Amino acid sequence: MDKLMIEGGHRLEGSVQISGAKNSAVALVPAAILADSSVTIDNLPVISDVDLLADLLREIGGDVTLKDQTIKINPATMMAMPLPNGRVKKLRASYYLMGAMLGKFKKAVIGLPGGCNLGPRPIDQHIKGFEALGAKVTNEQGAIYLRADELRGARIYLDVVSVGATINIMLAAVRAKGQTIIENAAKEPEIIDVATLLTNMGARIKGAGTNVIRIEGVESLSGCRHSIIPDRIEAGTYMILAAAAGQRVLIDNVIPIHLESLTAKLREMGAEIDIKDDQIIVGGIRDKRGVDIKTLVYPGFPTDLQQPFTSLLTSANGTSIVTDTIYDARFKHIDELRRMGANVKVEGRSAIINGKTELQGAKVRASDLRAGAALIIAGLMARGVTELSGLEHVDRGYEHLEEKLMGIGAVIWREQMSEEELEEVES
Ligand code: EPU
């Protein structure tokens with residue numbers, strides 16, 4: 003097992019190319035199950051979550067070729083094989099296999115998903131949707147069993163605005179009989195991306211990106227080619243990192259409108275940000291002003307950028323308050339930031355950051371994907387060397403992380419962990 007070594011204090015400058023969106027990719031790959039012929043997806047991020055999903059599609063009989071940023075999925079030979087255990091438990095997005103397999107085969111057995119531990123992450127709204135479409139859903143020994151004689155369109159009001167439930171219900175509904183209406187739907191750009199793929203496959207979907215999505219079920223779907231939108235969370239991570247330790251960093255291949263909430267907050271802190279058609283240029287901030295943020299559903303400030311932003315705020319003057327209204331326990335990075343010298347405390351669903359503090363390199367551990375990103379940013383700002391373990395989380399979501407960081411002047415490398423360190427991590 004490796005750890006990431008980060009030598010702090012280097013000014014970052016240059017440009018970084020943003021990959022395809024992870025949270026689109028992990029839904030688009032399972033969506034291909036719904037087609038009757040080959041689906042090709044381009045601009046795929048090279049991350050371990052995508053590898054896992056490709057293997058899961060092979061497990062159910064799919065012919066899958068994954069090469070660099072392109073995946074070709076021929077679903078013609080797929081079967082409704084049960085997936086109660088194994089890889090399916092390693093990632094959160096395996097829940098999309100429920101909607102896609104239910105939509106295609108009218109049955110599925112999928113182990114309850116794993117993924118980042120951000121506190122309770124129920125899937126009751128997904129299940130409510132499947133049941134409304136006519137499926138019988140049971141939980142048997144940690145696996146969800148779904149069966150339906152036929153799926154019929156329904157009007158479904160989501161009690162909680164959920165990205166996963168909105169996409170999963172779309173997947174199950176596109177081949178159902180009649181009309182489905184999802185009310186109080188999530189509006190994230192990744193939902194529009196999934197709707198675009200499904201529409202290109204022949205589905206009839208209106209309103210994706212608004213809070214009411216209307217779907218007219220169709221008999222069958224065919225293959226197509228699709229290119230994934232840029233990853234707004236990866237782009238946002240590099241924007242924060244540039245504000246934290248950069249001089250002038252050009253973030254290339256982005257959709258700037260997807261990052262408006264972050265851009266506004268960085269400007270409030272004193273950052274100079276230049277927006278072009280598909281590029282954002284972030285200058286470093288000399289004298290950072292503390293700001294408060296509250297995470298909200300899109301287009302509000304994304305919960306996925308809350309952790310990286312907290313690291314940045316340790317270097318801002320005054321007190322800043324970060325409140326996560328989506329995941330109130332998404333604060334596992336705070337103890338690690340404290341280890342590096344930050345003055346932060348957690349009160350309920352808020353982190354209170356007293357700045358500014360100068361961080362010191364330390365041995366820290368990523369408990370989840372974005373905690374990893376937060377600690378890398380902290381490491382880049384800190385004096386001395388930071389040793390980050392828990393890289394399996396980071397590799398789930400950031401393509402070519404070290405290469406991209408080295409490209410803008412970071413001093414960062416991987417080293418194998420010693421026996422002693424491994425024991426420490428496992429205990
Ligand atoms: N929720 C319920 N019931 C449900 C579903 C969700 O109560 O049935 C609650 C959740 O507990 C949470 C809120 O609703 O409090 C929003 O959850 P959502 O369903 O939107 O999250 P998700 O679909 O499980 C996706 C991303 C997350 C991202 C969230 C919020 C994927 C695979 N994951 O999760 O991404 O934080 O939306 O935007 O798309 C990440 O990339 O690091 C990550 C964790």
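Using my numbering, the letters of the sequence shown correspond one by one to residues 3 to 429. Every residue gets a Cβ at the ideal spot worked out from N, C-alpha and C, and that includes glycine. As the structure is a prediction and not an experimental result, all values here were calculated from the model.
Check: Contact check, Ile379 vs Leu243, beta carbons under 8 Å; Outcome: yes
Check: Where Phe311 sits in the DSSP three-state scheme; Outcome: helix
Check: Short Cβ contact (8 Å threshold) for Leu104 with Gly144; Outcome: no
Check: Under 8 Å between C-beta atoms of Ala368 and Val396; Outcome: yes
Check: Thr359 (DSSP reduced to helix, strand or coil); Outcome: coil
Check: Neighbourhood of Val293 by C-beta distance below 8 Å, restricted to the same chain and skipping five residues each side; Outcome: Lys267, Glu270, Met271, Leu315, Ala318, Ser322
Check: Touching by the beta-carbon criterion (3+ pairs, under 8 Å), the segment 77-92 and the segment 122-130; Outcome: no
Check: Cβ-heavy atom distance, Asp233 to ligand 1, below 7 Å; Outcome: no
Check: Inter-residue spacing [alpha-carbon to alpha-carbon] between Val324 and Phe132; Outcome: 35 Å
Check: Where Ala331 falls, given that 16 or more other Cβ within 10 Å makes a residue buried; Outcome: exposed
Check: Environment of Asp326 [buried if 16+ CB atoms lie within 10 Å]; Outcome: buried
Check: Option nearest Asp233 by Cα separation, candidates Gly248, Leu46, Ser17, His12; Outcome: Leu46
Check: Which of helix, strand or coil DSSP assigns to Pro86; Outcome: coil
Check: 8 Å contact criterion, which Gly399 and Ile49 should meet: CB distance rounded; Outcome: 6 Å
Check: For Gly286, the nearest candidate out of Ala246, Glu221, Tyr159 (CA to CA); Outcome: Ala246
Check: Exposure label - Glu401; buried when at least 16 CB within 10 Å; Outcome: buried
Check: Pick from Ala237, Gly22, Gly302 that is closest to Gln281, judged by C-alpha positions; Outcome: Ala237
Check: Closer than 7 Å: Ser164 CB and nearest ligand 1 heavy atom; Outcome: yes
Check: Straight-line gap, Tyr159 to Asn186 (C-alpha atoms, nearest Å); Outcome: 6 Å
Check: contact_flag[the segment 223-233, the segment 21-28] where n(CB pairs < 8 Å) is 3 or more; Outcome: yes
Check: Ligand 1 heavy atom lying under 7 Å from the CB of Asp126; Outcome: yes
Check: Given Arg340 as reference, the closest of Gly320, Arg351, Thr312 once Cα atoms are compared; Outcome: Thr312
Check: Contacting residues, own chain, Cβ-Cβ under 8 Å from Pro310 (five flanking each side not counted); Outcome: Gly238, Thr239, Ile242, Leu243, Arg372, Ala375, Ala376, Ile379
Check: Cβ pair count under 8 Å reaching 3, the segment 35-43 against the segment 7-15; Outcome: no
Check: Residue nearest to Ile215 in terms of C-alpha spacing, selected from Gln19, Thr67, Ile184, Val427; Outcome: Ile184
Check: For Ala210, the three-state DSSP class (helix, strand or coil); Outcome: strand
Check: Cut-off 8 Å between Cβ atoms - residues of its own chain near Val220, not counting five sequence neighbours on either side; Outcome: Val176, Arg177, Gly204, Ala205, Arg206
Check: Beta-carbon proximity check, Gly248 vs Glu15, cutoff 8 Å; Outcome: yes
Check: Beta-carbon gap between Leu93 and Pro32 smaller than 8 Å; Outcome: no
Check: Lys69 classed as buried or exposed, judged by whether at least 16 other C-beta atoms fall within 10 angstroms; Outcome: exposed
Check: Check: Thr1 C-beta below 7 Å from any heavy atom of ligand 1; Outcome: In this structure the chain extends from 3 to 429, so residue 1 is not present and cannot be described.
Check: Every unbroken beta strand (DSSP E) within the segment 92-157, with a cutoff of 3 residues, ordered by chain; Outcome: 109-113, 138-142, 145-149
Check: Straight-line Cα distance separating Asp65 from Lys74; Outcome: 8 Å
Check: Reference Val162; option with closest CA among Val111, Gln127, Glu423; Outcome: Gln127
Check: Residue range of the unbroken beta strand (DSSP E) whose run includes Arg416; Outcome: 413-418
Check: Expected contact under 8 Å - CB spacing of Gly343 and Gln362 to nearest Å; Outcome: 5 Å
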